[in-house]
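A short worksheet on the structure shown next.
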Amino acid sequence: MDDAAAVAEAQAGHRDAFRLLVERHSRNIFRLGFRMTGNEADAEEVVQESFLRAYRSLARFQARSSFSTWLHRIAANCALDLLQRRKQEPQPSPAVAEEDPEQSPEERLPSPDAGPERRLLSGELRERIALALQQLTPMERTAFVLRHFEGRSIEDISQTLELRAGAAKNTVFRAVQKMRRSLEPMRAPR
Amino acid sequence: MKHLSEEQLVLYYYGEEEGRRPAEAHLQGCAECRRQLEGLKSMLDAVEAPPLPERGEQYGAEVWDRIRAHLPERERPGLRPRLWQPRLWAAGAAVATLIVAAFLLGRFYPGGPHPAVVVQTREQVRERVLLVAVGDHLDRSQMLLVELTHAPESGGTVDISNEQHRAQELVASNRLYRQTAEQVGDASLANVLDELERTLIDIAHQPAQVNGAQMEQIRQRIEKQGILFKVRVVGTAVRAQQKKENRKAHPAAGPNPGGKTT
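Here you go:
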């Protein structure tokens, strides 16, 4: 049974059809949730909340977009809500990984012409990226993850976040600028 | 020559159609903009997605097990959806409120003498029921953690499939209690439940059969976090509050008329 048929069955009140959709899409939603929130427990919460929201809204789903796209939008909004909630909670200041004084900047970030081995992210760079992502606002982080990791177009992001295309573009742009500023100290001189 | 803006370069990097052709034409003839684009590309190429925690083939089925009890009853076609939704929300809000009340009772109820309450309202009865529910949840979690830290090895491996299944069940209810605690601003309780939830998720996603070293790692994680101790402390507080409520509800009865005997 494909997604469209399963949705129609689920809309008619058949839970087993919805079960099929849950089983089919859970891993993708977990991936999105993890990329957006950066931790496993929050990603699990995104998965659970997304399917509950989807089920409640199923009657309003119209096949203008695919179920997968629709569900991803719901999940992105669940993750955004969670990030905003977390932001309101008191957080310990993130610890910045100390730089190894014996390691040259060139060794920290691969230069543009570096070979494949050099392109493998070091643990430190990964920490820096995680920290840089944490420093984005929830909206910027959502837009950045959707654009950079999930490959969503600006138009799709604007629909997901209910922003005008210009605002979505600016949000992605601001996120890139901030990421760049955060990672700039690690860049190899050209 | 007017160079491409940073924003135009970002859009170009991501392959957005808007302004792509003029940007392409400009880049062909402008070394400075090509250099800027290379710099942007080297930075953004390095930003890779974090490694994804493993989720097995059965993950979808696990998610279904966790959510199915929380799915509202769907009406059959022909009924107007709006007729039942407000009632559903009202019922949900009532349940959430009662859970909140249960937490608040445990946290803020003054310890001094009170006039005996002879006639209980329906809400008070519900609150007591919910206190029992939270207490039971903490008891079950505690039992799971204790069993796991003392799981016997057999032939160098430990079968934790039963504990995993129970952990999966506990995750969903834990989340509900944690969210409620967060909503009422009870940060300390929410933090303990948050830590418990992470531990439960961690257990739920271990392999069903673990070797001695893996088992030791699980034990060490549980011990390092001190989660068992924290759950005991919170569980004891909830139980004490539950007893107090029982005494209040049945002032003429003994010291623990409705207490749990298990």
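Chains as they are written, first to last, in my numbering: chain A, -2 to 187; chain B, 136 to 397. For every residue, glycine included, the Cβ atom is placed at its ideal position computed from N, Cα and C. Remember, predicted model here, so these are calculated numbers, not experimental data.
Given that residue i touches chain A, what residues does it touch there, using C-beta distances under 8 Å?
i, result
"Y194(B)", "S23, R24 and F27"
"V281(B)", "By Cβ distance, chain A contributes nothing, its closest Cβ being about 22 Å from V281(B), past 8 Å."
Would the beta-carbon of residue i fall within 7 Å of that of residue j?
i, j, result
"S155(A)", "A165(A)", "yes"
"V293(B)", "A286(B)", "yes"
"V366(B)", "L273(B)", "yes"
"P188(B)", "E37(A)", "yes"
"A3(A)", "A14(A)", "yes"
"Q277(B)", "G370(B)", "yes"
"S47(A)", "A7(A)", "no"
"R138(A)", "L130(A)", "yes"
"A76(A)", "V43(A)", "yes"
"A40(A)", "F27(A)", "yes"
"L49(A)", "H205(B)", "yes"
"V373(B)", "V269(B)", "yes"
"L279(B)", "E298(B)", "yes"
"L175(B)", "L144(B)", "yes"
"I126(A)", "V182(B)", "yes"
At a CB-CB cut-off below 7 Å, which residues of chain A make contact with residue i?
i, result
"A184(B)", "R32 and F146"
"G139(B)", "Correcting the residue identity first, residue 139(B) is Leu in this sequence and not Gly. What L139(B) touches in chain A: nothing, since even the nearest Cβ is about 13 Å away."
"Y149(B)", "R144"
"P207(B)", "R53"
"E142(B)", "F170"
"V187(B)", "Note on residue identity: the sequence assigns Leu, not Val, to residue 187(B). Result: R28 and F31."
Just to confirm the assignment, what range does the alpha helix (DSSP H) spanning residue i have?
i, result
"T134(A)", "Where T134(A) is concerned, there is no enclosing alpha helix (DSSP H), given that its DSSP letter is neither H nor E."
"D0(A)", "D0 to Q8"
"V44(A)", "E37 to S54"
"H69(A)", "F64 to Q85"
"E159(A)", "Neither: E159(A) is in no alpha helix (DSSP H) and is coded neither H nor E."
"V319(B)", "Where V319(B) is concerned, there is no enclosing alpha helix (DSSP H), given that its DSSP letter is neither H nor E."
"S140(B)", "Unbroken run through S140(B): none, as it is neither H nor E."
Can you list, in chain order, the residues of its chain whose CB lies under 7 Å from that of residue i, leaving out five sequence neighbours each side?
i, result
"H22(A)", "S65 and L68"
Considering only residues of the same chain and omitting the five flanking positions on each side of residue i, which have a CB-CB separation below 6 Å?
i, result
"A94(A)", "Reliability of the predicted coordinates at A94(A) is poor, the pLDDT of 40 falling under 50, and no value is obtained from them."
"A307(B)", "R201"
"E96(A)", "Because the pLDDT of E96(A) is 44, which lies under 50, any placement of that residue in the model is unreliable, and the question is left without a value."
Using a Cβ-Cβ cut-off of 8 Å (strictly less than) and excluding sequence neighbours within five positions of residue i, which residues of its own chain qualify?
i, result
"E330(B)", "Q360, I362 and K365"
"R357(B)", "For clarity, residue 357(B) is Ile in the given sequence; the question names Arg instead. Around I357(B): L280, L283, T284, T334 and L363."
How is residue i classed by DSSP in three states: helix, strand or coil?
i, result
"Q344(B)", "strand"
"G148(A)", "coil"
"V267(B)", "helix"
"P157(B)", "helix"
"S308(B)", "helix"
"R171(A)", "helix"
"L206(B)", "coil"
"G400(B)", "Because chain B spans 136 through 397 in this model, residue 400(B) falls outside it and cannot be assessed."
"A196(B)", "helix"
I'd like the span of the beta strand (DSSP E) that includes residue i, first residue to last.
i, result
"D294(B)", "T292 to D294"
Going by the C-beta, is residue i closer than 6 Å to any heavy atom of the ligand ATP?
i, result
"A164(A)", "Ligands displayed in this structure: none; no statement on the ligand ATP is therefore possible."
Which residues in chain A sit within 9 Å of residue i, going by Cβ to Cβ distance?
i, result
"I357(B)", "Going along chain A, no residue has its Cβ under 9 Å from I357(B), so there is no contact; the nearest lies around 16 Å."
Please list, in chain order, the chain B residues whose beta carbon lies closer than 7 Å to that of residue i.
i, result
"R161(A)", "Within chain B, no residue comes near R161(A); the closest Cβ sits about 14 Å away, beyond 7 Å."
What residues of chain B sit near residue i, judged by a beta carbon separation below 9 Å?
i, result
"A250(A)", "Because chain A is modelled from -2 through 187, residue 250(A) falls outside the range shown and cannot be assessed."
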